[in-house]
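Chains as they are written, first to last, in this note's numbering: chain U, 190 to 345; chain H, 279 to 652.
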């Protein structure tokens, strides 16, 4: 199972790592983000979505309140947050089935709360606190869908 | 001279089902709000499916009650206004569908309103009710559980403020969590119930705001953007570094489960360390909101500062804004508590200038979860 690990030491680095990951993502794909409060899920997502050219970094904010954000610029990206979803019935009412109508990049925060099934390949990213601004980030690409990484871009 | 219009407003963007009748964009004839806080409390936040189900259950009686209290019938109403977005899509759909059906059945003009513009108009309605009119241009901070955004507000055409369309530009917004969301998440970490804002506000008043130092969020780019994710994480780290606070949290959790959720009931279960943490958290959030808003007011040569949204009900935020704005010779306006949180009077008021301008919507109106005002 291809696994990659990084350690970042600032929010900017986490966002930059998101951009690098974005350059290797091809729709359709699901990106499951796990990690506790403040671990950097939204920060990493800022990098992924801006890296995909779907929105500016500053326009990617926490979807905790609205639950699903969708960006249509350049390509379709969904940013979903399951923090407040407590049961499967609520999950079903999010209208996520429409998400899979056409190829998209779907990023799901708090994905560990449910066993989510989809026909699309899944990339799992786990974020961990490692002191003040440090974060340990582990990526699992069990389906092997990430494009080969460009060593020139590898910074962390 | 604007023509007379009594508008029925309907609001269902999040967890309040609300209806109101407002005359000429300034006189509140009735305003009814059915809150779902009790329904959502045990989940620590709004649950979307529950929210739309509750809206469905409540919308008919709430609209009927608003009409009754205004002494009007549906036939007397000149137009119907409904919140189109932003908000929870399932919740918005209830109001939009109901408003559309009502407008069609009674052949009334239908006006779609941006929820955020409603919050801006709430401040104007409140001021007019108190015999004042905020001078424009203004900057408006909308701060709630779902939003933290700063706009400049201008009026292009001369005329009464309640009848004139506003022009908005976005000055800054949160890059991560809304301020109210940070309150809710901190309240969850410390077992203080939901919603977090009002309880933390009351408890913070009993603590030492200099007890814990929270650094300024370091951000590049737009200096008027906000960030509340860092302070939420800082509270988490503080709790980890002080496991002795855990026992208190567990005691409070037990109290919450027994239905003891008022600040007065939770206060004896909070030691000075916890109170200091809350006071410091609130001080950091408030200082940040006030500093950026007033800096923007200066930069945009604003004549007034408008503060709206659920967090505008926060005592320390109001006091700090009032004191700091006074020092700068700026007028600052807040809505009353009832108009700070989600309500339909603000929707009806926001619809009035649009009705006068003939900005009506058809039956193709759809709810929009994401709908920037500018």
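Each residue gets a CB set at the ideal place from its N, CA and C atoms; glycine is no exception. Predicted model only: the values in this text are computed from it and were never measured.
- Each residue's CA atom was taken as its position, placing residue 630 (chain H) and residue 477 (chain H) some 36 Å apart.
- Taking a C-beta distance under 7 Å as the contact criterion, residue 324 (chain U) and residue 316 (chain U) qualify as a contact pair.
- Interface flag for residue 254 (chain U) against chain H is set, since a Cβ pair is found closer than 7 Å.
- Rounded to the nearest whole angstrom, the CA to CA distance from residue 609 (chain H) to residue 403 (chain H) is 16 Å.
- Closest in alpha carbon position to residue 416 (chain H), among H:512, H:611, H:615 and H:642, is H:611.
- When DSSP reads this structure, residue 625 (chain H) sits in no beta bridge, so it has no partner.
- As summarised for the stretch 465-491 of chain H, the continuous alpha helix (DSSP H) elements at least 4 residues long and confined to that stretch are 474-482, given in chain order.
- Counting every other CB atom within 10 Å of its CB across the protein chains shown gives residue 577 (chain H) a total below 16, marking it as exposed.
- The beta carbons of residue 208 (chain U) and residue 240 (chain U) sit about 4 Å from each other, so the pair counts as a contact at 8 Å.
- Measuring C-alpha to C-alpha distances from residue 448 (chain H) to each of H:461, H:460, H:442 and H:419 identifies H:419 as the nearest.
- With distances taken between CA atoms, residue 269 (chain U) lies nearest to U:219 out of U:196, U:219 and U:331.
- Annotation for residue 604 (chain H): the continuous alpha helix (DSSP H) segment containing it runs 593-605.
- Counted as a single uninterrupted DSSP element, the stretch harbouring residue 287 (chain H) is not any alpha helix (DSSP H) but the beta strand (DSSP E) occupying residues 284-289.
- At a beta-carbon threshold of 7 Å, the residues of chain U lying near residue 364 (chain H) are 255, ordered along the chain.
- In the three-state reduction of the DSSP assignment, residue 257 (chain U) falls in the strand class.
- Residue contact check for residue 295 (chain H) against chain U: no CB pair falls below 7 Å.
- Between residue 236 (chain U) and the set H:401, H:406, H:453 and H:567, the nearest pair of CA atoms involves H:453.
- Distance between residue 385 (chain H) and residue 411 (chain H), taken at the CA atoms: about 34 Å.
- Between residue 524 (chain H) and residue 468 (chain H), the alpha-carbon positions lie close to 8 Å from each other.
- Between residue 227 (chain U) and chain H, the shortest Cβ-Cβ separation is below 7 Å.
- Assignment of residue 451 (chain H) by DSSP, reduced to helix, strand and coil, places it in the strand class.
- Between residue 623 (chain H) and residue 560 (chain H), the C-beta gap is not smaller than 7 Å, which leaves the two residues out of contact.
- The beta-carbon of residue 247 (chain U) is placed less than 7 Å from the nearest beta-carbon of chain H.
- Annotated as distal: residue 340 (chain H) and residue 305 (chain H), with beta-carbon spacing of 7 Å or more.
- Around the beta carbon of residue 364 (chain H), 16 or more other beta carbons sit within 10 angstroms, so the residue counts as buried.
- Residue-level contact check: residue 519 (chain H) does not touch chain U, since none of the beta carbons of chain U fall below 7 Å from its beta carbon.
- Residue burial annotation: residue 337 (chain U) is exposed, with fewer than 16 other C-beta atoms found within 10 angstroms of its C-beta.
- Burial state of residue 536 (chain H) is exposed, judged by a 10 Å Cβ sphere holding fewer than 16 other Cβ atoms.
- Looking at the DSSP output, residue 433 (chain H) bridges to H:444.
- The continuous beta strand (DSSP E) containing residue 609 (chain H) extends over residues 609-611.
- For the stretch 495-524 of chain H, the set of positions with a beta-carbon nearer than 7 Å to some beta-carbon of chain U reads 499, 500, 503, 507, 510, 511 and 514 in chain order.
- A distance below 7 Å separates the beta carbons of residue 374 (chain H) and residue 645 (chain H).
- Using a Cβ-Cβ cut-off of 8 Å, residue 374 (chain H) is close to nothing in chain U; its nearest Cβ partner there is about 15 Å away.
- Here the C-alpha atom of residue 352 (chain H) lies approximately 12 Å from the C-alpha atom of residue 343 (chain H).
- Scanning H:513, H:520 and H:479 for the CA closest to the CA of residue 540 (chain H) turns up H:479.
- Between the alpha carbons of residue 256 (chain U) and residue 369 (chain H) lies a distance of about 12 Å.
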